[in-house]
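**Q**
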Amino acid sequence: MKNRKLSTLLLMLCLGTGLANAANKTINISSVANNSWCGDLGIYNLNCSTFPYGTKHYNGIPFVIAGDKKGTENNAWFSDFAAGGGSGVVSVTIPVNVAKVKTVYTLMNTIWGSTESGLLSITFTGSEGATWTFDPIGGTNVRDYNNGNYTDTCICQLPGGVGQSGTINAWVNGLGQRLDEQIYELPAAFATQTLVSITITDSGNEGVQRSFLAAVTVSTTGP
Amino acid sequence: MKRHKISVLMLMICLSTVLTHAAKVTTTSIDISSFADTTWCGAPAGGFINCSTFPFGEQTYDGIPFLIPGNAQGTASNIWAADVEAGGNSGTVSVTVPINVAKVKTVYTLMNTMWGTGASGLLSVTFTGSGGATWTVDLTGNVNVRDYNQNGSTTNSILCQLPGGVGKTATINAWVNGEGQRLDEQVYELPAAFKNQTLVSMTITDSGNAGEQRSFLAALTVSTAAP
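Residue numbers (our numbering), protein chains in the order written: chain V, 1 to 223; chain R, 224 to 450.
1) Can you tell me where the alpha helix (DSSP H) with G39 (chain V) in it begins and where it stops?
2) So what's I168 (chain V) in DSSP terms, helix, strand or just coil?
3) Give the DSSP-derived three-state secondary structure of C237 (chain R) in the structure shown.
4) List the endpoints of the continuous alpha helix (DSSP H) containing E308 (chain R).
5) So, is V89 (chain V) buried or exposed, given that buried needs 16 or more other C-beta atoms within 10 angstroms?
6) Answer with yes or no whether the minimum CB distance from P136 (chain V) to chain R is below 8 Å.
7) With H, G and I counted as helix, E and B as strand and the rest as coil, what does DSSP make of D152 (chain V)?
8) Span of the alpha helix (DSSP H) holding D80 (chain V)?
9) Could you work out which residue in V:T125, V:S117, V:G126, V:Y150 is closest to D135 (chain V) when comparing CA atoms only?
10) Let me make sure I understand the geometry here. Which of R:A295, R:G280, R:A342, R:T349 has the alpha-carbon closest to that of T378 (chain R)?
11) In this structure, does DSSP put N21 (chain V) in helix, strand or coil?
12) Determine the contact status of I141 (chain V) and A76 (chain V), defining contact as a CB-CB distance below 8 Å.
13) Per DSSP, what kind of secondary structure is F279 (chain R) in: helix, strand or coil?
14) Is it the case that the Cβ atoms of V330 (chain R) and I427 (chain R) are separated by a distance below 8 Å?
15) Taking buried to mean at least 16 other C-beta atoms within 10 Å of its own C-beta, is L203 (chain V) buried or exposed?
16) Which bits of chain R does C154 (chain V) rub up against, with CB to CB less than 8 Å?
17) For the beta strand (DSSP E) that P62 (chain V) lies in, which residues bound it at each end?
18) What did DSSP end up calling I272 (chain R) once you bin it into helix, strand or coil?
19) Taking 8 Å as the CB-CB limit, is N34 (chain V) close to chain R?
20) Evaluate the contact criterion for the segment 64-73 of chain V versus the segment 390-404 of chain R: three or more CB pairs, one atom per stretch, below 8 Å.
21) Report back the beta-carbon spacing between D361 (chain R) and N335 (chain R) to the nearest angstrom; my notes put them in contact at under 8 Å.
22) Taking C-beta to C-beta, are S252 (chain R) and F289 (chain R) nearer than 8 Å?
23) Determine the direct distance from the alpha carbon of G286 (chain R) to that of A245 (chain R), and round the result to whole angstroms.
24) Just grab the DSSP bridge partners of Y184 (chain V) for me.
25) I need the straight-line Cα distance from S114 (chain V) to I137 (chain V), nearest angstrom please.
26) Where does T192 (chain V) sit, in a helix, a strand or coil, going by DSSP?
27) Cα separation between N365 (chain R) and Q157 (chain V)?
28) If you measure between the beta carbons of L385 (chain R) and G166 (chain V), is that distance less than 8 Å?
29) Looking at the strands, I want to know which residues DSSP matches up with I198 (chain V).
30) Since Q157 (chain V) meets chain B, which of its residues come closer than 7 Å, beta carbon to beta carbon?
31) Using a Cβ-Cβ cutoff of less than 7 Å, which residues in the same chain neighbour T220 (chain V) once the five nearest sequence positions on both sides are dropped?
32) For T217 (chain V), does the three-state DSSP call read helix, strand or coil?
33) Work out the CA separation of P267 (chain R) and W338 (chain R) for me, nearest whole Å.
34) Rank V:G139, V:T133, V:W112, V:F78 by C-alpha distance to the C-alpha of A104 (chain V) and give the top, closest one.
35) Only counting the same chain, and skipping five residues up and downstream in sequence, which positions put a Cβ closer than 6 Å to that of A189 (chain V)?
36) Taking C-beta pairs closer than 8 Å, name the residues in chain V that T267 (chain R) reaches, listed in chain order.
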């Protein structure tokens, strides 16, 4: 009887360890998505119907992009749409609530693009007071979704350690449009906390730079 | 009694799975100094642009450790350069780097080109396993490799992604000096056939020409983990 209880306990512990290794968790952002690919990007007539939705894997990481086949559901949070097409600061806070997150992956690009600083920031908030604000810069951390006249380069590297960020490409349609993947390796303070939320703040303008967010995935392992 | 046996069996399966996942991941930097044929400041034609800024020794890029041959005095060769191997002329040249590491899943190289073209058939990498597995990847300019020097007339872009699965390759950036020069990192996720073999060697075959495209290899690291 004692052996039986012991093996059951060990089995539970073992299963718990195994589940803890399942590190990636996609975050559903459909509740904050405010427009569809062909609703916001469609006005630029740049192949919006080729853009992805649903569960996708890019660079080995799973993402869930909101939307449906008919294109009637919103796909992303567009800061330009949130600002009503004008200037001004807009923001969105995405609840995460996952413990011991080490790495955050986003699919984010901009409409237009500028290498100016101070146009875009992303803030990570932990349950025990940890916060980290990172300012993505055009041409380094984010770029125009459309290859053309604005920002066309990104750093094309992974983060070099904790408290650093990198950006690589996630998706291209072969017609000049793309989605890029930002990789945030959270500061050590987050290792023992729950990542409560992520807030994106956009201070751009039409014709300058406006960001959009298509997906968020968090991981309890390093990049 | 029957339930007890089932839970013991499940425990054994679970432990085996967890231990397999916990098995030590090894990353091994391969010393290529015996094949290095020139220094950053040596060749071709007097050295790379801003050659003194180029790295050597133990470096970590994108979380991966690399060992670039060379010394502080600049007297020890840093790279294997196809152009030097070919004497600055046309013709096919190759180098085979011994690896001899078991159960390799991912190979990382630091490779760029002097000059560069989007033409195919100029450069390939072949991986050879101990049990007969082989994998040849044709590297194309502007996709997998690019000119080490940023300029408007040769190759300036790379895929900028990680491999999407086994038997795939991709390229991201490793190092820039802020003056227009760079080193890129090719990531090869080996086909499944290599999983139970020892990766014996990697062979680079370059069929370019001076003024067209010639590759160089600065470092090679292998890992038993996926990218």
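We treat Cβ as the ideally placed atom computed from N, Cα and C, and that holds for glycine.
This structure is a prediction, so every number in the text was calculated from the model and none was measured.
**A** Based on what the coordinates show:
1) Reading the first sequence from its first residue, position 39 is the one you call residue 39 (chain V). It spans 37-40 - the alpha helix (DSSP H) in which G39 (chain V) sits, taken as one unbroken run.
2) As a first step, residue 168 (chain V) is located in the first sequence; it is residue number 168 there, counting from the start. Residue state, collapsed to three classes: strand.
3) Locating residue 237 (chain R) in the second sequence gives position 14, counting from the first residue. Reliability fails at C237 (chain R), whose pLDDT of 49 lies under 50, so the model's placement of it is uncertain and the value that follows must be treated cautiously. Assigned with DSSP and collapsed to three states, C237 (chain R) falls in helix.
4) Against the second sequence, residue 308 (chain R) aligns to sequence position 85. 305-308 is the span of the alpha helix (DSSP H), which, as asked, contains E308 (chain R).
5) Numbered from 1 along the first sequence, position 89 holds the residue referred to as residue 89 (chain V). By the neighbour-count rule (16 or more Cβ atoms within 10 Å), V89 (chain V) is not buried but exposed.
6) Within the first sequence, residue 136 (chain V) is the residue found at index 136, counting from 1. Not an interface residue.
7) Numbered from 1 along the first sequence, position 152 holds the residue referred to as residue 152 (chain V). Looking at D152 (chain V) - three-state DSSP - the assignment turns out to be coil, as it is neither helix nor strand.
8) The residue labelled residue 80 (chain V) in the question sits at position 80 within the first sequence. Counting along the chain, the unbroken alpha helix (DSSP H) around D80 (chain V) starts and ends at 79-82.
9) Locating residue 135 (chain V) in the first sequence gives position 135, counting from the first residue. Taking only the C-alpha atoms, the option nearest D135 (chain V) is V:S117.
10) The residue labelled residue 378 (chain R) in the question sits at position 155 within the second sequence. Ranking R:A295, R:G280, R:A342, R:T349 by CA distance to the CA of T378 (chain R) puts R:A342 first.
11) Translated into positions along the first sequence, residue 21 (chain V) becomes position 21. Below a pLDDT of 50, predicted positions are generally treated as unreliable, and N21 (chain V), at 47, falls in that range; the measurement from the model is reported next regardless. Looking at N21 (chain V) - three-state DSSP - the assignment turns out to be helix.
12) Translated into positions along the first sequence, residue 141 (chain V) becomes position 141. Translated into positions along the first sequence, residue 76 (chain V) becomes position 76. First, the amino acid is wrong: residue 141 (chain V) is Asn here, not Ile. Not in contact: N141 (chain V) and A76 (chain V) (Cβ atoms no closer than 8 Å).
13) Position 56 of the second sequence, counting from 1, holds the residue named residue 279 (chain R). F279 (chain R) carries a coil assignment under DSSP once its states are collapsed to helix, strand and coil.
14) One-based indexing of the second sequence puts residue 330 (chain R) at position 107. One-based indexing of the second sequence puts residue 427 (chain R) at position 204. Contact: no.
15) For the purposes of this step, residue 203 (chain V) is taken as the residue at position 203 of the first sequence. It should be noted that the sequence gives Ser, not Leu, for residue 203 (chain V). By the neighbour-count criterion, in which a residue is buried when 16 or more other Cβ atoms sit within 10 angstroms of its Cβ, S203 (chain V) is buried.
16) Counted from its first residue, the first sequence places residue 154 (chain V) at position 154. Correct list: C383.
17) Numbered from its first residue, the first sequence carries residue 62 (chain V) at position 62. From DSSP, the beta strand (DSSP E) with P62 (chain V) extends over 61-65.
18) Counting from one through the second sequence, the residue named residue 272 (chain R) turns up at place 49. Reduced to three states, the DSSP call for I272 (chain R) is coil.
19) For the purposes of this step, residue 34 (chain V) is taken as residue 34 along the first sequence, with counting starting at 1. It does not: the Cβ of N34 (chain V) has no partner Cβ on chain R nearer than 8 Å.
20) No, they do not touch.
21) What you label residue 361 (chain R) is simply residue 138 of the second sequence in a count that begins at 1. What you label residue 335 (chain R) is simply residue 112 of the second sequence in a count that begins at 1. Actually they do not touch by this definition, with Cβ atoms about 17 Å apart.
22) Indexing the second sequence from 1 puts residue 252 (chain R) at position 29. Indexing the second sequence from 1 puts residue 289 (chain R) at position 66. Yes, the Cβ-Cβ distance between S252 (chain R) and F289 (chain R) is below 8 Å.
23) Residue 245 (chain R) sits at position 22 when you count from the first residue of the second sequence. Residue 286 (chain R) sits at position 63 when you count from the first residue of the second sequence. The pLDDT assigned to A245 (chain R) is 46, lower than 50, so where the model puts this residue is not dependable; a value taken from the coordinates is nonetheless given after this. Distance between the alpha carbons of A245 (chain R) and G286 (chain R): 19 Å.
24) As a first step, residue 184 (chain V) is located in the first sequence; it is residue number 184 there, counting from the start. As a beta-bridge residue in DSSP terms, Y184 (chain V) pairs with V:V104, V:S165.
25) For the purposes of this step, residue 114 (chain V) is taken as the residue at position 114 of the first sequence. For the purposes of this step, residue 137 (chain V) is taken as the residue at position 137 of the first sequence. Their Cα atoms are separated by approximately 8 Å.
26) As a position in the first sequence, residue 192 (chain V) is number 192, starting the count at 1. In the three-state reduction of the DSSP assignment, T192 (chain V) falls in the helix class.
27) The sequence position of residue 365 (chain R) within the second sequence is 142, counting from 1. The sequence position of residue 157 (chain V) within the first sequence is 157, counting from 1. Their Cα atoms are separated by approximately 16 Å.
28) For the purposes of this step, residue 385 (chain R) is identified with residue 162 of the second sequence, where counting begins at 1. For the purposes of this step, residue 166 (chain V) is identified with residue 166 of the first sequence, where counting begins at 1. Remark: C-beta atoms of L385 (chain R) and G166 (chain V) do not approach each other more closely than 8 Å.
29) On the first sequence, residue 198 (chain V) is found 198 positions in, with the first residue counted as 1. Under the DSSP definition of a beta bridge, I198 (chain V) partners with V:I94, V:F124.
30) Of the protein chains in the structure, V and R, none is chain B.
31) Numbered from 1 along the first sequence, position 220 holds the residue referred to as residue 220 (chain V). So the qualifying residues of the chain are A23, K100, V101, K102.
32) As a position in the first sequence, residue 217 (chain V) is number 217, starting the count at 1. Assignment of T217 (chain V) by DSSP, reduced to helix, strand and coil, places it in the strand class.
33) Your numbering for residue 338 (chain R) matches position 115 in the second sequence. Your numbering for residue 267 (chain R) matches position 44 in the second sequence. Cα atoms of W338 (chain R) and P267 (chain R): separation of roughly 11 Å, rounded to the nearest angstrom.
34) Walking along the first sequence from the start, residue 104 (chain V) turns up at place 104. Contrary to the premise, residue 104 (chain V) reads as Val rather than Ala in this sequence. Comparing alpha carbon positions, the residue from V:G139, V:T133, V:W112, V:F78 closest to V104 (chain V) is V:T133.
35) The sequence position of residue 189 (chain V) within the first sequence is 189, counting from 1. The residues A130, in chain order, have a CB closer than 6 Å to that of A189 (chain V) in the same chain once the five nearest residues on each side in sequence are set aside.
36) Here residue 267 (chain R) refers to the residue found at position 44 of the second sequence. Note on identity: in this sequence residue 267 (chain R) is Pro, with Thr being the wrong assignment. Chain V residues near P267 (chain R): none, gap ~26 Å exceeds 8 Å.
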